[in-house]
Every structure is written in structure tokens, then in C-alpha cells.
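Each remark here refers to the structure printed beneath this line.
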Amino acid sequence: EKGGFDHFMLKEIYEQPKAIQDTLAGRIKEDKVDLSNEISLSKEDVQQIERIHFVACGTAYHAGLVGKYVFEKLTRIPVEVDVASEYRYREPIINERTLFIAVSQSGETADTLAALREAKQRGAKVLAITNVVGSSVAREADDVIITWAGPEIAVASTKAYTSQLIAIYLLGIYFAQQLEAKNVGELKEVVAQLQKLSEKAELLLQPEQVSIVANFAREIAKHQNLFFIGRGLDYAVALEGSLKLKEISYIHSEAYAAGELKHGTLALIEENIPVLAIATQKALYEKTVSNIQEVKARGAYVLGVTITGDTELNKSVDEVIHIPKTLDLLAPVLTVIPLQLFAYYACVERGYDVDKPRNLAKSVTVE
Ligand code: BG6
């Protein structure tokens with residue numbers, strides 16, 4: 322049942338190229354995204370949307386954080402992202418011009434479902450991104466986009482996250498097409514690059530790539546604390562990488578927006594503390610590198626993640642992992658893969674139960 326893998330989590334990490342492919346399948350026609358068979362929102366409806374609320378829990382919340390960048394960039398519609406258990410209690414501003422997007426692998430998370438009901442009751446249009454056809458979230462939403470990741474067994478979510486990102490890109494591009502807010506050529510380029518992600522994800526699962534990550538993970542498994550840093554979309558991915566590591570290996574880690582370290586916790590960067598530094602975003606590269614130099618100067622042991630072809634980062638870090646070239650906007654789908662593997666190998670090294678971490682359920686149906 323684990324298809325030759327030691328654990329479901331590892332199997333599911335390796336299933337990501339297929340999950341990406343399957344989630345794209347049938348949704349791109351002649352270099353355009355076409356969701357018209359799945360989504361009832363008309364062009365006029367999309368043009369009416371004033372604000373978007375992404376609401377979710379755990380890993381799905383982290384997909385929502387990527388969603389904020391994607392939608393704001395492609396559609397210029399303001400986006401807020403909330404963890405579902407907080408959403409209702411802050412009296413969010415909701416009306417008929419609000420699009421509420423629930424992201425949920427299982428479609429059964431009680432907090433997410435409660436937030437969905439609240440938004441719907443207050444007049445929002447409700448859309449669900451879920452992996453389970455016919456789930457509660459899918460049934461109660463006005464519109465549904467299914468992530469075709471297939472069943473996810475490991476409690477720590479991997480292929481569901483990358484599929485959620487794909488669904489978010491598809492929806493963001495689809496809306497941008499309707500709004501005519503972006504240059505057509507630019508959107509076509511996003512669509513073209515989106516279709517190449519599956520193949521590129523495959524490259525990150527090649528043995529040489531995996532062994533760099535696994536070696537670093539074995540080293541780090543001895544530590545009690547580490548940091549993930551990045552800016553922009555790299556920060557969103559850093560949060561997910563940190564969560565994954567904490568969830569299964571019980572190593573404490575903190576994800577920090579790289580530029581914010583100096584305003585707070587730089588004092589915690591001591592001799593030999595491991596730092597996973599992500600620098601895939603071209604526009605933020607120089608600034609991120611200077612933040613990496615700040616931690617290096619304090620003796621941190623740094624694993625850098627950057628784009629293939631970069632010859633600079635290795636001067637500032639101890640080890641480097643390269644992500645195949647893609648658009649900045651799409652990089653999270655690739656960047657997260659070594660971070661998932663990192664959490665996996667750290668957990669294996671520590672001898673914990675990978676697929677069933679303590680105190681964590683796959684789907685939580687209480688608020
Ligand atoms: C948590 C799970 O309870 O719920 C996480 O342990 C998951 O792995 C989160 O990301 C959200 O679940 P779902 O099914 O709503 O995406």
C-alpha cells in the first residue's frame with residue numbers, strides 16, 4: 322500500500338509531480354485557464370468582487386498565504402488570510418461583494434466549516450478548494466475546485482499543499498483573464514510556466530538532490546532549535562517548512578520574515594544554530610542575501626535554497642539547494658519540496674512515527 326516507500330509521507334512527497342499534473346488536467350485550453358465548467362461565477366460576478374478572504378487551518382492556511390500574493394498580483398483585488406478559528410471572532414467585514422475561499426484538504430475541518438457558514442450567512446460568495454469530492458465544505462460552498470491529489474494518508478500534508486497552490490494559481494489566472502487587468506502575454510507566460518512545474522518537481526526528487534537535503538536533516542536532527550528565513554513568497558513557504566518540521570520531528574523552529582530578524586530575535590542566532598534561508602525571489606534577492614550575511618556573521622550554520630544558475634549564494638552559506646528556474650510567483654510549488662524532505666529525514670533520524678505524529682489528527686472535527 323505504501324508502494325515500496327517506508328512511509329506514506331515519503332510516498333506522497335513523490336506523488337507531487339502527478340498531483341500537480343492531475344490538478345491542472347483539463348483546466349487549460351489553448352494557453353488559457355478555463356474553469357467555466359466548474360465555477361458558476363460569471364465574468365460580471367468576478368468584476369463585482371471587492372475583497373477576497375482566504376480562510377483555512379494548518380497547512381491549508383499556508384496555501385492561503387501564497388494565495389494572497391498570487392491574487393493581489395494577478396487581480397489587484399485586496400486579499401486577507403485568516404486561520405479559521407480566528408476569523409469569526411474578529412468581526413470580519415463581509416458583504417455580497419466578498420469572495421470567501423475555504424481551503425481544506427479533507428473538507429471536514431470544523432473550524433473552516435464554521436467560518437464558511439458565517440461568511441455565507443453574511444452574504445459572501447463562497448468557494449471551496451478541497452481534495453474530497455462531496456465533503457462538507459464542498460457541499461456547502463457555492464463553487465468548488467477539487468485538488469486532484471488523491472487520498473492523503475500521512476497526517477503531515479504534502480501533496481495536498483502543492484495541489485492547493487496549483488488550484489490557487491488556476492483560479493487567480495482565471496480571474497485575471499475575466500478582469501482583463503493583466504497583460505495577456507504575461508498571463509500566457511504564467512500558464513506556460515505552470516504547465517512545466519510537474520516536470521521540475523520531478524527534478525527535485527532525484528537521488529542527488531534528495532541526499533543533500535537528507536544529509537542536512539541528519540545533521541540538524543541533533544539540534545533543538547532552528548530558524549527558517551525568507552522574504553515575500555519565500556516567507557510563506559518558510560512558514561510551511563517550519564510547521565512541517567515541528568509537526569513530525571518535534572524540533573522547535575521559527576519562520577521569520579528575513580528582514581524582520583534584526584527587529585526582534587537576532588539575539589537568538591547563536592554559534593552553530595541551523596538556519597534554512599530561502600532566496601528564490603529575484604526582486605528580493607539582494608536584501609535576503611544581506612539578511613543571510615547577518616545570521617552568518619553570528620555563526621549560524623546555513624542551508625540556502627535558491628534558483629538553478631545562481632552562483633552568488635554559495636558564498637554566503639554552508640550548503641545550497643537549487644530549485645529549477647521558474648517564475649517568482651510559481652516558485653513555492655518547488656521550494657516546498659526540499660523542505661518537506663527535510664522534515665521527513667529529520668523525523669526518521671530521530672526515530673519518530675512519521676505518518677502519525679503525536680497529538681495530531683488528520684482531520685479535526687471539533688472547534
Ligand atoms: C490539521 C491537520 O488538524 O488540520 C493538518 O493536522 C491540516 O495537517 C489542517 O493541514 C487542516 O486540515 P484540512 O483538511 O482542513 O486541510
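Each residue of the sequence shown is one higher than the one before, counting from 322 in this note's numbering. The beta-carbon is built from N, C-alpha and C at its ideal position, and this holds for glycine as well.
- Under the rule that a run must span 4 or more residues, no alpha helix (DSSP H) segment is found entirely inside the stretch 591–616.
- Under a 10 Å Cβ-count criterion, ASN452 is classified as buried, with 16 or more other Cβ atoms of the shown protein chains found around its own Cβ.
- Proximity to TYR495 across GLU359, LEU634, GLU333, TYR666 peaks at GLU359, based on C-alpha coordinates.
- At a threshold of 7 Å, GLN426 counts as near the ligand BG6, since its beta carbon sits closer than that to one of the ligand's heavy atoms.
- Distance from the CA of LEU547 to the CA of ASP366, rounded to the nearest whole angstrom, comes to 45 Å.
- In the three-state DSSP reduction, HIS643 falls in the strand class (E or B).
- DSSP places TYR410 in the helix class (H, G or I) of the three-state scheme.
- Note that the stretch 583–599 touches the stretch 544–561; at least 3 beta-carbon pairs, one per stretch, sit closer than 8 Å.
- Taken through DSSP and simplified to helix, strand or coil, PHE548 comes out as strand.
- Taking C-beta atoms under 8 Å as the contact rule, ILE373 and PHE392 qualify, at a distance of about 6 Å.
- With contacts defined as CB atoms closer than 8 Å, CYS668 and ILE533 fail to qualify as a contacting pair.
- Relative to the ligand BG6, CYS668 has its C-beta separated by 7 Å or more from all heavy atoms.
- Restricting attention to LYS583, THR344, ILE541, the CA atom closest to the CA of SER563 is found in ILE541.
- Cα atoms of GLU607 and THR647: separation of roughly 18 Å, rounded to the nearest angstrom.
- For ALA488, the closest alpha carbon among the candidates ILE474, GLN516, LYS503, GLU501 is that of GLN516.
- When the beta-carbon positions are compared, TYR408 and VAL458 stay at least 8 Å from each other.
- LEU560 is the residue among LYS567, LEU589, LEU560 whose C-alpha sits nearest the C-alpha of TYR577.
- Ranked by Cα distance from SER484, the options LYS565, GLN426, GLN661, ALA440 are led by GLN426.
- CA-CA distance, LYS567 to PRO678, rounds to 10 Å.
- In the DSSP assignment, GLU401 falls within the unbroken beta strand (DSSP E) covering 400–404.
- Nearest in C-alpha terms to GLN498, of all of ALA652, ILE594, LYS350, is LYS350.
- The three-state reading of DSSP puts ILE373 in strand, counting E and B together.
- VAL354 carries a strand assignment under DSSP once its states are collapsed to helix, strand and coil.
- ILE613 sits away from SER574, with the two beta carbons spaced by 8 Å or more.
- Inclusion of GLY379 in the 7 Å shell around the ligand BG6 follows from its C-beta lying nearer than that to a non-hydrogen atom of the ligand.
- DSSP places PHE421 in the strand class (E or B) of the three-state scheme.
- In this structure, the ligand BG6 has no non-hydrogen atom nearer than 7 Å to the beta-carbon of SER357.
- As the crow flies, the alpha-carbon of GLY630 is around 11 Å from that of ILE642.
- The C-alpha of SER684 is placed about 28 Å away from the C-alpha of LEU356.
- Exposed is the label assigned to GLY672, since fewer than 16 other Cβ atoms lie within 10 Å of its Cβ.
- Distance from the CA atom of LYS353 to the CA atom of GLY493, rounded to whole angstroms, is 12 Å.
- The beta carbon of ILE370 is closer than 7 Å to those of ILE398, ARG418, LEU420 in its chain, skipping five residues each way along the sequence.
- Assignment of GLU575 by DSSP, reduced to helix, strand and coil, places it in the strand class.
- Just so you know, the alpha carbons of ASP463 and ARG619 end up roughly 52 Å apart.
- Contact between the stretch 470–484 and the stretch 338–350 is established, with three or more Cβ pairs separated by less than 8 Å.
- Per DSSP, ILE415 is not a residue of any beta strand (DSSP E), being assigned neither H nor E.
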